[in-house]
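Asker: Listed in order, the protein sequences are those of chains A and B. So for the first sequence, the numbering used here puts the first residue at 142; every next one is plus one. So for the second sequence, the numbering used here puts the first residue at 2; every next one is plus one. Just so it is clear, CB atoms sit at the ideal spot from N, CA and C, and this is done for glycine as well. Computed from a prediction, not measured in an experiment: that's the story for all the values here.
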Amino acid sequence: MSSAAQIKPEDIIKHLDQAREVAFSNPESYPAIFRQVLLFTNNPNNSIQLWCVKFIYDSFINNTILNHSDKVDLAIDSLDALFTLSNIKDLPLFLQIIDISCIIFKLVFNYVAENDGCNQVWSKLTELKNSLVNKFQSNFPLDPSDNQEHDLSRNIITKIELIKFIFIVIDYQSKSTLINTNNGTPPPATTFSLNSVSPTHSLIKYNNMEYESTVLLDMILKTFNYDILIPQLISSILNHSIIIMRRKPQYSSKILNIIENYDSISKYQSNYQSLEQFKLSKKYVDRIFRIFIHHCLRNNLIPNNYQNSLTKKAQTLQDRGNEIRKKNIFAIEEPNLKKRKFEGFYNPTKRLKVVDYSNLYSLNETNNPLNTFNISTVPQFILNNMVVNALQKSSVSKLSKALEIISDRYINALNTAGTNINSQSATPTFRPPIPNNNINNNNNNNGYQPTQQYQGQLPPPQNQQQLKPYEPPGGYDYTTNGNGNGFGKGGDEYGDEEGEEEDEEDTYDPETIYTLPPPKDLSFQDKKDQINIIIQNFFRLAKNPTLANKVDVDDDEELKIKPDDDENVKVNKELTKIAIKSWKKDSWIILLTRLATRGMRSLTGSSSDEDKISPDDKINQELSDMIRNSIFEYFLENIHGRIDIIIKWLSEEWYSEKVFNEELEIKKAVKLNQGKSVKSLPPIKTPIYNKWAGKVLDAMIPFLEPSDRKIFIRLLSDLPYLNEELVGGIKSLCYDPVRIKIGFLSLQFLIMYRPPVKQACLNILKELSESDQEDLKEEAKKLLDKYN
Amino acid sequence: MAVDSLKICTVCASNNNRSMEAHKQLRDAGYNVKSFGTGSAVRLPGPSIDKPNVYDFGTPYEDIYQDLIGQSCRKMYEANGLIHMLDRNRKVKSAPEKWQNNAYAGKFDLVITCEERCFDSVLEDLMFRMYNKEDQNDVRQVVHIINIDIKDDNENALLGGKGILKLVNMIHDFRQKKKEDYEDESDIILEDQMMGILTEWQKDHTHLPTLYSISYY
Numbered sequence: 142m143s144s145a146a147q148i149k150p151e152d153i154i155k156h157l158d159q160a161r162e163v164a165f166s167n168p169e170s171y172p173a174i175f176r177q178v179l180l181f182t183n184n185p186n187n188s189i190q191l192w193c194v195k196f197i198y199d200s201f202i203n204n205t206i207l208n209h210s211d212k213v214d215l216a217i218d219s220l221d222a223l224f225t226l227s228n229i230k231d232l233p234l235f236l237q238i239i240d241i242s243c244i245i246f247k248l249v250f251n252y253v254a255e256n257d258g259c260n261q262v263w264s265k266l267t268e269l270k271n272s273l274v275n276k277f278q279s280n281f282p283l284d285p286s287d288n289q290e291h292d293l294s295r296n297i298i299t300k301i302e303l304i305k306f307i308f309i310v311i312d313y314q315s316k317s318t319l320i321n322t323n324n325g326t327p328p329p330a331t332t333f334s335l336n337s338v339s340p341t342h343s344l345i346k347y348n349n350m351e352y353e354s355t356v357l358l359d360m361i362l363k364t365f366n367y368d369i370l371i372p373q374l375i376s377s378i379l380n381h382s383i384i385i386m387r388r389k390p391q392y393s394s395k396i397l398n399i400i401e402n403y404d405s406i407s408k409y410q411s412n413y414q415s416l417e418q419f420k421l422s423k424k425y426v427d428r429i430f431r432i433f434i435h436h437c438l439r440n441n442l443i444p445n446n447y448q449n450s451l452t453k454k455a456q457t458l459q460d461r462g463n464e465i466r467k468k469n470i471f472a473i474e475e476p477n478l479k480k481r482k483f484e485g486f487y488n489p490t491k492r493l494k495v496v497d498y499s500n501l502y503s504l505n506e507t508n509n510p511l512n513t514f515n516i517s518t519v520p521q522f523i524l525n526n527m528v529v530n531a532l533q534k535s536s537v538s539k540l541s542k543a544l545e546i547i548s549d550r551y552i553n554a555l556n557t558a559g560t561n562i563n564s565q566s567a568t569p570t571f572r573p574p575i576p577n578n579n580i581n582n583n584n585n586n587n588g589y590q591p592t593q594q595y596q597g598q599l600p601p602p603q604n605q606q607q608l609k610p611y612e613p614p615g616g617y618d619y620t621t622n623g624n625g626n627g628f629g630k631g632g633d634e635y636g637d638e639e640g641e642e643e644d645e646e647d648t649y650d651p652e653t654i655y656t657l658p659p660p661k662d663l664s665f666q667d668k669k670d671q672i673n674i675i676i677q678n679f680f681r682l683a684k685n686p687t688l689a690n691k692v693d694v695d696d697d698e699e700l701k702i703k704p705d706d707d708e709n710v711k712v713n714k715e716l717t718k719i720a721i722k723s724w725k726k727d728s729w730i731i732l733l734t735r736l737a738t739r740g741m742r743s744l745t746g747s748s749s750d751e752d753k754i755s756p757d758d759k760i761n762q763e764l765s766d767m768i769r770n771s772i773f774e775y776f777l778e779n780i781h782g783r784i785d786i787i788i789k790w791l792s793e794e795w796y797s798e799k800v801f802n803e804e805l806e807i808k809k810a811v812k813l814n815q816g817k818s819v820k821s822l823p824p825i826k827t828p829i830y831n832k833w834a835g836k837v838l839d840a841m842i843p844f845l846e847p848s849d850r851k852i853f854i855r856l857l858s859d860l861p862y863l864n865e866e867l868v869g870g871i872k873s874l875c876y877d878p879v880r881i882k883i884g885f886l887s888l889q890f891l892i893m894y895r896p897p898v899k900q901a902c903l904n905i906l907k908e909l910s911e912s913d914q915e916d917l918k919e920e921a922k923k924l925l926d927k928y929n
Numbered sequence: 002m003a004v005d006s007l008k009i010c011t012v013c014a015s016n017n018n019r020s021m022e023a024h025k026q027l028r029d030a031g032y033n034v035k036s037f038g039t040g041s042a043v044r045l046p047g048p049s050i051d052k053p054n055v056y057d058f059g060t061p062y063e064d065i066y067q068d069l070i071g072q073s074c075r076k077m078y079e080a081n082g083l084i085h086m087l088d089r090n091r092k093v094k095s096a097p098e099k100w101q102n103n104a105y106a107g108k109f110d111l112v113i114t115c116e117e118r119c120f121d122s123v124l125e126d127l128m129f130r131m132y133n134k135e136d137q138n139d140v141r142q143v144v145h146i147i148n149i150d151i152k153d154d155n156e157n158a159l160l161g162g163k164g165i166l167k168l169v170n171m172i173h174d175f176r177q178k179k180k181e182d183y184e185d186e187s188d189i190i191l192e193d194q195m196m197g198i199l200t201e202w203q204k205d206h207t208h209l210p211t212l213y214s215i216s217y218y
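(1) So which residues on chain A does glycine 197/B lean against when the C-beta distance must stay under 7 Å?
(2) Rounded to whole angstroms, what's the CA-CA distance from leucine 903/A to valine 800/A? Just pull it up for me.
(3) Is the beta carbon of tryptophan 833/A less than 8 Å from the beta carbon of phenylalanine 773/A?
(4) Output the boundary residues of the beta strand (DSSP E) element that contains cysteine 10/B.
(5) Please check the pair leucine 856/A and isoleucine 788/A, which I expect to be a contact at CB under 8 Å, by giving their CB distance rounded to whole angstroms.
(6) Look up glutamine 410/A in the DSSP assignment and say whether it is helix, strand or coil.
(7) Kindly list, in the order they appear in chain B, the residues whose Cβ is closer than 9 Å to that of isoleucine 301/A.
(8) Under 7 Å Cβ-Cβ, which residues of chain B neighbour aspartate 240/A?
(9) Which residues of chain A have a Cβ atom closer than 7 Å to the Cβ of aspartate 121/B, listed in chain order?
(10) Output needed for histidine 435/A: all residues of its chain with C-beta closer than 7 Å, excluding positions within five of it in sequence on either side, in chain order.
(11) For serine 315/A, tell me which candidate among Val338/A, Thr332/A and Ser354/A has the shortest Cα-Cα distance.
(12) Could you check if lysine 52/B is buried or exposed, using at least 16 other CB atoms within 10 Å of its CB as the buried criterion?
(13) If leucine 69/B and asparagine 33/B are in contact, beta carbons under 8 Å, what's the gap, nearest whole angstrom?
(14) Would you kindly work out how many angstroms separate the C-alpha atoms of leucine 438/A and lysine 539/A, rounded to a whole number?
(15) According to the neighbour-count rule (16 or more other Cβ atoms, all chains shown, within 10 Å of its Cβ), is methionine 841/A buried or exposed?
(16) Output the boundary residues of the beta strand (DSSP E) element that contains isoleucine 146/B.
(17) By Cβ distance, which residues of its chain are closer than 7 Å to leucine 209/B, with the 5 residues on each side in sequence left out?
(18) Quick check on threonine 1011/A: buried or exposed, where buried means 16 or more other Cβ atoms within 10 Å of its Cβ?
(19) Out of Ser279/A, Arg295/A, Tyr367/A and Phe250/A, which one is the CA nearest neighbour of leucine 335/A?
(20) Mind checking the segment 149–172 of chain A against chain B and listing, in chain order, the residues whose C-beta falls within less than 7 Å of any C-beta there?
(21) Does the distance from the C-beta atom of serine 393/A to that of methionine 386/A stay below 8 Å?
(22) With the cut-off set at 8 Å, would you say glutamate 806/A and proline 823/A are in Cβ contact?
(23) By how many angstroms is the C-alpha of isoleucine 217/A removed from the C-alpha of asparagine 256/A?
(24) Need the endpoints of the beta strand (DSSP E) that lysine 35/B sits in, please.
(25) Beta-carbon separation of lysine 907/A and leucine 891/A under 8 Å?
(26) If we call anything under 8 Å between Cβ atoms a contact, is glutamate 117/B one with leucine 212/B?
(27) Can you give the Cα-Cα distance for leucine 733/A and leucine 813/A, rounded to whole angstroms?
(28) One question on the structure: do glutamate 186/B and threonine 490/A come within less than 8 Å of each other, judged by their Cβ atoms?
(29) Is the separation between the beta-carbon of asparagine 187/A and that of aspartate 231/A shorter than 8 Å?
(30) Identify the contact partners of lysine 35/B in chain A, using a Cβ-Cβ distance below 7 Å as the criterion.
(31) Going by C-alpha distance, which of Lys759/A, Ser755/A, Ser765/A and Asp727/A is nearest threonine 738/A?
(32) Just to make sure I have the definition right: I need the residues of chain A whose C-beta is within less than 8 Å of the C-beta of tyrosine 132/B. Which are they?
(33) Figure out for me which residue from Leu303/A, Ala683/A, Asp152/A and Ile384/A has the closest Cα to the Cα of serine 771/A.
(34) Tell me whether lysine 480/A sits in a helix, a strand or coil according to DSSP, three-state version.
(35) For threonine 364/A, name the three-state secondary structure that DSSP assigns.
(36) What are the uninterrupted segments assigned as alpha helix (DSSP H) that are 4 or more residues long and contained completely in the segment 427–503 of chain A, given in chain order?
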């Protein structure tokens, strides 16, 4: 297969065609060729997949070359491939898979019935069955539309094909009792019956089979509860239900109850059908019911307890049909017609005809005059209120669906960028809902108020399945296990009571929100590389005067990046306005220091106890230290000119650490006090600040010149926190005869203006006063006497 | 001339007038078409209303034609268009065929009946086949059954035939739509859009009431 993947798909298909010819001309080689073809179903190329499916189809349906036992063997061999293929989103392919599965299911079910103990085969068959059955309530292989109502009338071909498969499953998995054997023709000899399976079969258990059949039938019959009319589905189900009426008396009451209570008059006009279409739908559905009832009555398939009511029902439907038979159905006045409340978007297209922001965000009808209104003329505060109100009123599911549409439009616009979007052959043709102009507005008294649709009414939430790629529908939890016994309860159904929908609406379900896929985890080295890039970018901004000149101070002292010919510094002016509105030339240090001090700090990050630091925190700390180190080195390049940078950094450093550790202490204390408020806290430690402030002082002090007096004093003055250890460095200045003045001046300044370190400074003076250096001793004693 | 893989059949009671006129028009337009009758026998007008000419399905049109022109009321049959009808029919196919026995003819994608009771008969027959036929080697196929109610006379058969051709042309045109040209694949799925097609057609043919169902066989 790996070598086959290298070959062009057309060449593979040529070879497959040759193999097919051999198979059809030489039946003995057919099974071997078939098994080889199955290997190609894994090929990702759609043409090859379609070829394989067609070959499988021709092998099982109306194939006279293969004998029955070969077919059974090949059916078993095909189960894995069919399961995989049944999840490929391709409509023609999927429809063929359903047809193939109709045959395969019968063959393999029979095989398992006759060969107890083949657990693996049974498990695979169950898997395939579930894969198909679970798709009935979805729109697979189509993507869901913007709302549930629209989805009900989409992808009908798949639904009616699946109905076929599901009825086969129901027929095979339930006991048969032939109704009206006297008048009716006996069933063909080939008809399978669960009755013929051994009651002690370890896999096909009667109760489980019957239960599954019931659930499946209930799921299918839910279609009749839709509050709109879809004649294609109704007729498909009724025409299949005749099998139940004939062979499965245990389920006939389910069908007859529905028929008894079904009335097309109670249904709503869909927003996706015209009034004319709705009128025709009613007529068609009524006729189908009538034919079904007549057929059942004529063939004595209806139990006595239903006969009267259904005879009446048939008569009513006949009268209704006769009444409109000779009339122009469209001209008949029907004042009581009701239209379903609209829950979708009038313009749900995901392809933009004109690529601009207005079209990108517009979900109104394309000809809605509101679309031309320039919202930027509305004052900001009104806009804010409008947006906040709108967000409060819209349901989470609807909002996320709207954003999903806009996101898809955006992606589509980006993907088609570079081509002339207006000349695309694929024009947006998403069927918009039919406007209300056909409906009689007097209907409002009946509860239907078309004008309310866009007045902030909260529509019921979308079906969750619509927002997921594809999952088994919530209403039919058909879990797979080896025995195929995993059945959940039937639940979610379209057209349920309002109350349930409202409940759903109030329930925030994060699964209904469109979320971006989580980013891939970066390795530590990747993180380091990224941090390095960030650091380099910031320092490029800090160091490069040319780049700095691109930044223009406007009257408000706000910086904007000038448009420039240089491609590297082209920055979108509009973006600059918003994203870095108050950019100043030293803003980089704030961003960088905050990234180090807050951006990468986690809750346990500043624990002074090294042993308690988690590995993640250690990594974060290491990354933060990369930034700190780079700032530190930047400072070392020019310690005289970059003292402001250092003060800003260390201030940020101390403040963040203090606040952070204080919070930790509070939490700790509250925990200790069992939730009671805390009155006093232990002194808050700032080890990271202390470490880096110490490094700065240690690096600076040896290089201080006598003329640096002012900047050093400024540093001591502005550093947010000093302790004995930090001020200890000043001692070395005092020992240096050249810089002795700076030393004592600093100590004097600190004694006077930084009381928290007064004692530390006095201690230093005391120590110095005991020195053997006379001038030092004298100066120290003098100050000691003055401030002690 | 339309080239379409769609397999169509037209159905009326006796497979002589309405279904045969539509059969001819569809065949002339290039469609793959057959026709059938759902009645118990072929009944054609006779000398009086209570004396129809009754033939078994399968009796060649040629034989019926010869029988009628050999009758004393030949002039009447010529005047009411019966002779002309049979002359047309014998050029289209050999004999009237019965719907209920048409398994040999294969399966159709589209069945167009010309009378409500024929529509009912076709659906009931397919229901019967649904539980009475079990082929391990075959799979049931979806079939669209449309009734277009046409009065059983020459003029209406002609008008009805034109209407049927128009509807089939609409379906044919719809099937030519390409997936790439539409954002939503549902827009090119016939089953999704059939109600829309029928409604559009019905708007232009309000004198030809319709019925519609999906069935399988």
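Answerer: Quick answer:
(1) As a working mapping, residue 197/B is identified with position 196 in the second sequence. Neighbours of glycine 197/B on chain A, chain order: Gln418.
(2) Residue numbering aside, residue 903/A sits at position 762 when the first sequence is read from its first letter. Residue numbering aside, residue 800/A sits at position 659 when the first sequence is read from its first letter. If I take the Cα positions, the gap works out to 30 Å.
(3) Position 692 of the first sequence, counted from the first residue, corresponds to residue 833/A. Position 632 of the first sequence, counted from the first residue, corresponds to residue 773/A. Result yes, Cβ atoms of tryptophan 833/A and phenylalanine 773/A sit closer than 8 Å.
(4) Taking the first residue of the second sequence as position 1, residue 10/B is located at position 9. Its beta strand (DSSP E) spans residues 8–13.
(5) Along the first sequence, one-based indexing puts residue 856/A at 715. Along the first sequence, one-based indexing puts residue 788/A at 647. Correct: roughly 7 Å between the Cβ atoms.
(6) For the purposes of this step, residue 410/A is identified with residue 269 of the first sequence, where counting begins at 1. DSSP places glutamine 410/A in strand when its eight states are reduced to three.
(7) On the first sequence, position 160 is the one that residue 301/A refers to. What isoleucine 301/A touches in chain B: Val143, Glu192, Ile215 and Tyr217.
(8) Stepping through the first sequence from its first residue, residue 240/A is reached at position 99. The answer, in chain order, is Val140.
(9) Taking the first residue of the second sequence as 1, we reach residue 121/B at position 120. Chain-order list of chain A residues neighbouring aspartate 121/B: Ile432, by C-beta distance under 7 Å.
(10) Sequence index remark: in the first sequence, residue 435/A carries index 294 (1-based). Closer than 7 Å at the Cβ level, and outside the excluded window around histidine 435/A, lie Ala455.
(11) In the first sequence, residue 315/A corresponds to position 174, counting from 1. Taking serine 315/A as reference, the option from Val338/A, Thr332/A and Ser354/A with the minimal CA-CA separation is Ser354/A.
(12) Position 51 of the second sequence holds residue 52/B. Exposed is the call here.
(13) Taking the second sequence and counting its residues from 1, one reaches residue 69/B at position 68. Taking the second sequence and counting its residues from 1, one reaches residue 33/B at position 32. So it is not a contact: roughly 30 Å between Cβ atoms.
(14) Here residue 438/A refers to the residue found at position 297 when the first sequence is read from its first residue. Here residue 539/A refers to the residue found at position 398 when the first sequence is read from its first residue. Distance between the alpha carbons of leucine 438/A and lysine 539/A: 47 Å.
(15) If you number the first sequence from 1, residue 841/A lands on position 700. Its Cβ being crowded by 16 or more others within 10 Å, methionine 841/A is buried.
(16) Numbered from its first residue, the second sequence carries residue 146/B at position 145. Residues 143–149.
(17) As a working note, residue 209/B is residue 208 in the second sequence. Exclusion of the five residues before and after leucine 209/B leaves Ile149, Asp150, Ile151, Gly161 and Gly164 as the residues of its chain whose Cβ lies within less than 7 Å of its Cβ.
(18) No statement about residue 1011/A is possible, as the shown extent of chain A runs from 142 to 929 and does not include it.
(19) Here residue 335/A corresponds to residue number 194 of the first sequence, with the count starting at 1. Closest option to leucine 335/A, Cα to Cα, is Phe250/A.
(20) For the segment 149–172 of chain A, which is checked against every Cβ of chain B, not one residue is closer than 7 Å.
(21) Locating residue 393/A in the first sequence gives position 252, counting from the first residue. Locating residue 386/A in the first sequence gives position 245, counting from the first residue. Result yes, Cβ atoms of serine 393/A and methionine 386/A sit closer than 8 Å.
(22) Position 665 of the first sequence, counted from the first residue, corresponds to residue 806/A. Position 682 of the first sequence, counted from the first residue, corresponds to residue 823/A. Yes, the Cβ-Cβ distance between glutamate 806/A and proline 823/A is below 8 Å.
(23) Taking the first sequence and counting its residues from 1, the one referred to as residue 256/A is at position 115. Taking the first sequence and counting its residues from 1, the one referred to as residue 217/A is at position 76. Answer to the nearest angstrom: the Cα atoms are 13 Å apart.
(24) Along the second sequence, read from residue 1 onward, the residue named residue 35/B stands at position 34. In the DSSP annotation of this structure, the continuous segment of the beta strand (DSSP E) that includes lysine 35/B starts and ends at 33–38.
(25) Within the first sequence, residue 907/A is the residue found at index 766, counting from 1. Within the first sequence, residue 891/A is the residue found at index 750, counting from 1. The answer is no: Cβ separation not under 8 Å.
(26) Here residue 117/B is taken as the residue at index 116 of the second sequence, counted from 1. Here residue 212/B is taken as the residue at index 211 of the second sequence, counted from 1. Yes; because the gap between Cβ atoms is below 8 Å, this pair is in contact.
(27) What you label residue 733/A is simply residue 592 of the first sequence in a count that begins at 1. What you label residue 813/A is simply residue 672 of the first sequence in a count that begins at 1. The alpha-carbon atoms of leucine 733/A and leucine 813/A are separated by roughly 36 Å.
(28) Stepping through the second sequence from its first residue, residue 186/B is reached at position 185. Stepping through the first sequence from its first residue, residue 490/A is reached at position 349. Judged by their CB atoms, glutamate 186/B and threonine 490/A are not nearer to each other than the 8 Å cut-off.
(29) One-based indexing of the first sequence puts residue 187/A at position 46. One-based indexing of the first sequence puts residue 231/A at position 90. Cβ atoms of asparagine 187/A and aspartate 231/A: closer than 8 Å.
(30) The residue given as residue 35/B occupies position 34 in the second sequence. Around lysine 35/B, no beta-carbon contact reaches into chain A at under 7 Å, the shortest distance being about 19 Å.
(31) The residue you call residue 738/A lines up with position 597 of the first sequence. Sorting Lys759/A, Ser755/A, Ser765/A and Asp727/A by C-alpha distance to the C-alpha of threonine 738/A places Ser765/A at the top.
(32) Working through the second sequence from its first residue, we reach residue 132/B at position 131. Here the neighbours are Pro328, Ile383, Ile384, Arg387 and Arg388.
(33) Indexing the first sequence from 1 puts residue 771/A at position 630. Minimum Cα distance to serine 771/A is reached at Ala683/A.
(34) Looking up residue 480/A in the first sequence gives position 339. Strand at lysine 480/A.
(35) To locate residue 364/A, count along the first sequence from 1; it is residue 223. If DSSP states are grouped into helix, strand and coil, threonine 364/A belongs with the helices.
(36) Counting whole runs of 4 or more residues, the segment 427–503 of chain A contains the alpha helix (DSSP H) stretches 445–466 and 498–502.
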